[in-house]
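Asks: Would you mind keeping the following structure in view while I ask a few things?
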Amino acid sequence: MSKISLVATAGIGAVTVASLLLVRRRAFLYSTKNRLVTAPKLKKRSHMVPFGKICGQNRGPNPMDPPIYLEDPYHYVRDESRGNKEILDHLRAENAYTESKLQHLKPLQTKIYEEILSHVQETDEDYPYPHGPYLYYYRTVKGSSYSIYCRKPRSGSGQEEILLDQNELARGKEYTVVRNIKISPDHKFLAYLVDFTGNEVYTCQIKDLSTGQLLPDRLEKIDSLSWGTTSSVLFYSTTDETLRSDKVWRYNIGQMEAGKQNIYSDDDALYTVSFCKSRSSKYLFIESVSKETSECSILSLEQADGKPQVVEKRKEGLMYTVTHQDQYLYIVTNKDQATNYKLMRTSVSQLSQDHWQDVFPYDENVKLEYVDSFKNFFVLCGRQHGLTQLWIVKHELDLASHGTKYKRQRITFTEPIYTVSSSVNREYDAAKYRFTYSSMTTPETTYDYDVESNEHMLLKERFVPNYDRLLYKSERIIAKASDGVEVPISVLYRKDMRTGDRQPLHLYGYGSYEISIDPEFSASLLPLLDRGIIYAIAHVRGGGEMGRSWYNDGKFLHKRNTFTDFITCAETLVKIGMTSSSKMSCEGRSAGGLLIGAVLNMRPDIFTAALAGVPFVDVMNTMSDPTIPLTVQEWQEWGNPNETKYFDYMRSYSPYDNIKAQAYPNIIITSGLYDPRVMYWEPTKYVTKLRALKSDHNEVFLKMDLESGHFSASDRYRAIKERAFEYAFILEQLKCV
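Going by our numbering, the residue at position 657 of the sequence shown is 699; the numbering climbs one at a time, nothing skipped.
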């Protein structure tokens with residue numbers, strides 16, 4: 043029944059009905075006029091892209107020789123300076139076109155924005171975590187876009203001290219991201235990384251908390267940082283020209299250039315360097331990791347000028363990470379064909395794998411991800427049955443063997459699908475373990491687990507205004523792929539709107555890098571759910587939801603499984619009567635945008651609309667060029683199209699290379715000009731080519747954020763507005779307006 047019919051049935055007067063008809067007539071005339079607006083076009087310019095051997099470039103170990111050339115008439119859109127007037131004018135024209143064509147959705151965008159905001163406790167505070175003599179926490183204030191980092195004395199009723207107000211830092215700037223906020227060991231200094239453009243090139247700043255002033259020390263192109271054992275030494279890592287973290291440095295505060303000492307470097311472009319300080323504060327762990335192999339070194343922080351020691355030299359296919367407790371290193375590794383990883387240990391004085399010993403027998407049904415270690419216990423963090431899990435491990439002396447006996451206890455929950463993860467745990471000698479829990483119907487909840495009593499205590503559940511969880515239900519559905527593999531789908535809907543009929547449905551997917559899209563609460567989904575839309579997550583291969591093999595079966599020469607799994611999930615949702623193709627939209631971001639682009643080329647008929655955020659759609663061109671950030675490291679994710687082994691396969695699914703003269707659904711593409719992960723020219727070229735080749739009259743919109751990067755707006759209110767923009771489009775396409 044139409045809105046006008048409903049209004050008339052309710053007995054509204056004829057004059058009001060006539061007014062509504064006039065509004066509808068005007069909207070029709072507006073949309074008719076709007077169709078006359080012409081989409082921006084790019085001219086074609088001949089350019090041949092080489093795939094294979096190029097002198098002077100790292101094109102991989104086995105590049106094709108002679109190289110193969112493919113034409114890309116829009117290659118010139120690539121401008122690494124972001125200053126080419128012709129290209130910027132085109133991007134502005136794309137934004138103007140999108141704005142003009144979707145102008146009629148402005149009132150709906152505003153309404154959705156207000157609805158999402160109505161579910162946000164704008165003035166809020168995290169549950170404080172203990173660290174030394176203080177309790178530290180973040181809080182937000184209504185009307186302020188960024189969080190405020192604070193502390194107060196651990197005992198007594200001392201006043202709050204504001205350590206870093208990110209709103210002040212962001213004043214007058216379009217974009218501000220702060221991360222790696224670290225308090226010095228004596229709690230007198232604050233170090234942090236800040237990016238004001240979105241290009242993910244960070245600067246380290248150090249604040250004297252007694253004066254509130256920044257120290258003159260400024261470290262550029264920083265990826266991560268950590269204090270040493272005193273407030274006079276800072277460790278940090280730097281990035282190369284492709285934003286690969288490749289070096290670790292020791293820095294003596296106040297000594298400027300003279301205080302910098304390089305303690306670790308890795309020149310192999312396949313590897314990314316990271317580091318962290320052990321919770322015991324005795325070691326610095328330095329990892330050099332590719333997608334297939336890792337190597338870890340440890341640096342004793344008790345030796346002022348010590349050098350890192352390699353735990354086990356890199357061996358192709360061997361992955362491991364380490365943590366410290368007492369006289370042991372605990373190691374999570376795939377050694378001995380432990381595909382889903384197992385836990386081992388070795389003495390800190392005997393590092394090589396010849397001395398590694400199993401702590402627990404390998405269990406192929408449990409994917410072990412990392413260990414959180416404390417003085418008297420440790421926590422295994424992993425996955426089982428497609429869900430995140432936590433196991434508390436206690437140890438005691440085994441009188442029979444005079445060795446160590448380990449006992450593990452899984453923390454259990456009652457909901458069928460959920461997400462659980464470690465929270466902030468700063469203190470090595472803690473007797474309690476803090477973690478966070480969430481599900482698709484339960485907002486983020488913080489608990490403390492008492493290791494002695496094996497009980498967990500609720501500390502805080504994030505308050506969501508105007509939300510009644512009893513109205514909503516989540517469940518898991520299984521789709522069976524053509525090769526017999528069972529693909530899980532997490533589904534969320536409003537119970538009183540499940541009539542048994544086919545309903546509008548929005549399907550989300552990712553499926554790369556072993557990243558799991560876990561079922562957790564999102565207040566921004568409520569405007570969809572409250573209009574009867576079902577929200578679903580397809581946990582396709584290439585992600586990590588079902589373990590390491592799940593990832594391996596969706597990468598390299600198995601990448602197409604990611605796309606066919608997503609199609610299978612969509613078909614299953616139609617088959618069981620939950621939705622229909624005319625009532626289903628889809629969404630993916632970044633590598634999930636690759637998923638959406640590939641699926642729309644393969645089965646454009648199965649969705650009525652699509653959202654692709656910062657989509658990785660130009661797989662061939664990007665992965666052939668080693669000068670583009672992430673390319674070389676990701677040859678072990680997608681393959682290297684410069685090699686014969688991968689060229690044809692990658693070309694068979696690359697979205698930009700497989701656009702056809704066929705009908706496509708309505709699509710919105712979003713991107714950021716300063717995105718270093720998916721360069722702006724990828725979605726720009728994709729949109730132009732798609733418009734030129736598709737055979738329908740549906741729309742393809744490009745919304746280019748000229749002030750941000752890969753992760754979109756940093757301002758929390760602006761981020762909600764962007765989500766409202768996208769959801770207004772989806773609601774219209776699913777006829778839920």
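Virtual Cβ for every residue (Gly too), placed ideally from N, Cα, C.
Compare the C-alpha of Y722 against each of T483, T381 and D660 and name the closest.
Replies: Residue numbering aside, residue 722 sits at position 680 when the sequence shown is read from its first letter. Nearest of T483, T381 and D660 to Y722, Cα basis: D660.
Asks: Specify the secondary structure class of L567 as computed by DSSP and reduced to three states.
Replies: Stepping through the sequence shown from its first residue, residue 567 is reached at position 525. The answer is helix: DSSP assigns L567 an H, G or I state.
Asks: What did DSSP end up calling M106 once you bin it into helix, strand or coil?
Replies: By 1-based counting over the sequence shown, the position of residue 106 is 64. Reduced to three states, the DSSP call for M106 is coil.
Asks: The ligand PLP and E164: does the residue's C-beta get closer than 8 Å to at least one heavy atom of that ligand?
Replies: With respect to the ligand PLP, the structure shown offers nothing to examine, as it has no ligands at all.
Asks: Please identify the residue among P671, L748 and D690 whose C-alpha is closest to the C-alpha of D285.
Replies: Along the sequence shown, one-based indexing puts residue 285 at 243. Checking the displayed sequence, the identity of residue 285 turns out to be Leu instead of Asp. Residue P671 is the option with its Cα nearest to L285.
Asks: How should S61 be labelled, buried or exposed, when 16 other C-beta atoms within 10 angstroms of its C-beta is the threshold for buried?
Replies: The residue labelled residue 61 in the question sits at position 19 within the sequence shown. Summary for S61: the model assigns pLDDT 37, below 50, so the residue's position carries little reliability, and this model does not support an answer.
Asks: Quick check on R590: buried or exposed, where buried means 16 or more other Cβ atoms within 10 Å of its Cβ?
Replies: As a first step, residue 590 is located in the sequence shown; it is residue number 548 there, counting from the start. Answer is buried; the Cβ neighbour count reaches 16.
Asks: Compare the Cα-Cα distances from G584 to each of L599, D510 and A761 and report the closest residue.
Replies: By 1-based counting over the sequence shown, the position of residue 584 is 542. The option with the nearest alpha carbon to G584 is L599.
Asks: If you measure between the beta carbons of R733 and V742, is that distance less than 9 Å?
Replies: Numbered from its first residue, the sequence shown carries residue 733 at position 691. Numbered from its first residue, the sequence shown carries residue 742 at position 700. Yes; because the gap between Cβ atoms is below 9 Å, this pair is in contact.
Asks: With A651 and Q545 assumed to form a contact (beta carbons below 8 Å), what rounded beta-carbon distance in angstroms separates them?
Replies: Reading the sequence shown from its first residue, position 609 is the one you call residue 651. Reading the sequence shown from its first residue, position 503 is the one you call residue 545. About 15 Å separates the two Cβ atoms, so there is no contact after all.
Asks: Which residues does DSSP list as the beta-bridge partners of W433?
Replies: As a first step, residue 433 must be located in the sequence shown, where it is residue number 391. According to DSSP, which records beta bridges pairwise, W433 is partnered with L422 and R452.
Asks: Using only CA atoms, which one of T487, L534 and I618 lies nearest to D543?
Replies: Within the sequence shown, residue 543 is the residue found at index 501, counting from 1. Nearest of T487, L534 and I618 to D543, Cα basis: I618.
Asks: Using C-beta distances below 7 Å, list every residue in its chain close to A81, excluding the 5 sequence neighbours before and after it, in chain order.
Replies: Along the sequence shown, read from residue 1 onward, the residue named residue 81 stands at position 39. Around A81: Y139 and R733.
Asks: Report the option in A612, E141, D396 and M386 whose CA atom is closest to the CA atom of V413.
Replies: Translated into positions along the sequence shown, residue 413 becomes position 371. V413 has its Cα closest to that of M386, out of A612, E141, D396 and M386.
Asks: Hey, I772 and L570: beta-carbon distance below 9 Å or not?
Replies: Looking up residue 772 in the sequence shown gives position 730. Looking up residue 570 in the sequence shown gives position 528. Yes, the Cβ-Cβ distance between I772 and L570 is below 9 Å.
Asks: Per the DSSP calculation, R221 is bridged to which residue(s)?
Replies: Stepping through the sequence shown from its first residue, residue 221 is reached at position 179. Paired residue(s): L235.
Asks: At which residues does the alpha helix (DSSP H) containing D288 begin and terminate?
Replies: As a working note, residue 288 is residue 246 in the sequence shown. No alpha helix (DSSP H) contains D288, which is instead part of the beta strand (DSSP E) from S287 to N294.
Asks: Can you check DSSP and say which residues form a bridge with P195?
Replies: Numbered from its first residue, the sequence shown carries residue 195 at position 153. Bridge partners of P195: Y176.
Asks: Check whether the region 746–757 touches the region 633–651, taking contact to mean three or more Cβ pairs, one atom from each stretch, closer than 8 Å.
Replies: Cβ pair count under 8 Å is below three, so no.
Asks: Could you check if R101 is buried or exposed, using at least 16 other CB atoms within 10 Å of its CB as the buried criterion?
Replies: As a position in the sequence shown, residue 101 is number 59, starting the count at 1. By the neighbour-count rule (16 or more Cβ atoms within 10 Å), R101 is buried.
Asks: So which of P350, E344, Q345 and V616 has the shortest CA-CA distance to C338?
Replies: Translated into the one-based positions of the sequence shown, residue 338 becomes position 296. Out of P350, E344, Q345 and V616, P350 has the C-alpha closest to the C-alpha of C338.
Asks: Which residue marks the beginning of the alpha helix (DSSP H) containing K409, and which one marks its end?
Replies: Mapped onto the sequence shown, residue 409 falls at position 367. It is not in any alpha helix (DSSP H) - K409 instead sits in the beta strand (DSSP E) that spans V408 to S415.
Asks: Identify, in the order they occur along the chain, each residue of the same chain with its Cβ nearer than 7 Å to the Cβ of S516, setting aside the five sequence neighbours on each side.
Replies: As a working note, residue 516 is residue 474 in the sequence shown. These residues qualify, in order along the chain: I459, S481, M482, T483, S532, V533, L534 and P561.
Asks: Taking the CB atoms as reference points, tell me whether M662 and L112 lie closer together than 9 Å.
Replies: The sequence position of residue 662 within the sequence shown is 620, counting from 1. The sequence position of residue 112 within the sequence shown is 70, counting from 1. Yes, they are a contact pair.
Asks: Could you say if the region 114–131 and the region 92–101 meet the contact criterion of at least three C-beta pairs nearer than 8 Å?
Replies: No: fewer than three Cβ pairs fall under 8 Å.
Asks: Where in the region 570–641 do unbroken runs of the beta strand (DSSP E), each at least 3 residues long, occur, reported from the N-terminal end onward?
Replies: If we require 3 residues or more, the beta strand (DSSP E) runs fully inside the region 570–641 come out as 576–580 and 626–631.
Asks: Let me know the secondary structure DSSP gives Q367 once reduced to three states.
Replies: As a first step, residue 367 must be located in the sequence shown, where it is residue number 325. Three-state DSSP puts Q367 in a strand.
Asks: Helix, strand or coil for S694 per DSSP?
Replies: The count along the sequence shown starts at 1 and reaches residue 694 at position 652. Of the three classes helix, strand and coil, the one that applies to S694 here is helix, per DSSP.
Asks: Please return the same chain residues whose Cβ sits closer than 6 Å to the Cβ of K194, not counting the five positions on each side in sequence.
Replies: Taking the first residue of the sequence shown as 1, we reach residue 194 at position 152. Taken in chain order, the residues that qualify are L177, G200 and E202.
Asks: Quick one: what's got a C-beta closer than 8 Å to Q255's C-beta in the same chain, skipping five residues either side?
Replies: Walking along the sequence shown from the start, residue 255 turns up at place 213. Excluding residues within five positions, the ones whose Cβ falls inside 8 Å are K249.
Asks: Rounded to whole angstroms, how far is the Cβ of T281 from the Cβ of P227, which I believe are closer than 8 Å?
Replies: Residue mapping note: residue 281 aligns to position 239 of the sequence shown, counting from 1. Residue mapping note: residue 227 aligns to position 185 of the sequence shown, counting from 1. Rounded, the Cβ-Cβ distance is 26 Å, inconsistent with contact.
Asks: Please look up how many angstroms separate the CB atoms of V493 and K522, rounded, as I've assumed it's under 8 Å.
Replies: To locate residue 493, count along the sequence shown from 1; it is residue 451. To locate residue 522, count along the sequence shown from 1; it is residue 480. Contact flag wrong, Cβ pair sits at about 42 Å.
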